[in-house]
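Residue numbers (UniProt numbering): 1 to 157. Scroll down for the structure; my scribbles are underneath it.
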């Protein structure tokens, strides 16, 4: 049996944290710092997924497609800004091996695909708190990731 150490009790080598602009997501980011604290070799992957904007086809306004593209580009810019800020915050908190990732995909799919690719020891997510009704019909991102993840998932409240 391995000896417990307070600096990094789980001995994690890499963590994938999925963020958005919510407070709970930022708590998950902060928690991921603690999971890797004291591990100079530890690697943090910070992911933000932008849901593709779906275009509903109708005979109206041909500019709708252009507006959808502009909206998607704006959301991707905001996602990159958010991830860049999170990467800088991680480095300021002593996490030196950090990589920011932005994907245009359904968040659950993006998290699972990224986990398959980077092979983290753990995924960290913020709990969205959708409520019972919405959760029972749609399931939350955290529930769906926990069900399909190839690694352990930590949900931060």
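Glycine included, each C-beta is placed from N, C-alpha and C at the ideal position. Remember, predicted model here, so these are calculated numbers, not experimental data.
With a cutoff of 8 Å on beta-carbon distance, residue 110 and residue 47 are scored as near each other. Its Cα nearest to that of residue 140, the residue 126 stands out among 152, 150, 126 and 151. Judged by their CB atoms, residue 128 and residue 24 are nearer to each other than the 8 Å cut-off. Residue pairing of residue 67 in beta bridges, as defined by DSSP: absent, with no partner found. Residue range 14-18 is occupied by the beta strand (DSSP E) that includes residue 14, with no alpha helix (DSSP H) assigned at that position. With a cutoff of 8 Å on beta-carbon distance, residue 15 and residue 50 are scored as not near each other.
Boundaries of the beta strand (DSSP E) harbouring residue 43: 43-50, taken from the DSSP string.
When the Cα atoms are used, residue 72 and residue 52 turn out to be separated by approximately 7 Å. The three-state secondary structure of residue 152, taken from DSSP, is strand.
The C-beta of residue 84 has fewer than 16 other C-beta atoms within 10 Å across all chains shown, which makes the residue exposed.
DSSP places residue 84 within a helical segment (H, G or I) once states are collapsed to three.
For residue 124, the uninterrupted beta strand (DSSP E) run begins and ends at 122-126, by DSSP. A direct Cα-to-Cα measurement between residue 104 and residue 151 gives close to 22 Å. Closest by C-alpha distance to residue 82, out of 99, 95, 70 and 69, is 99.
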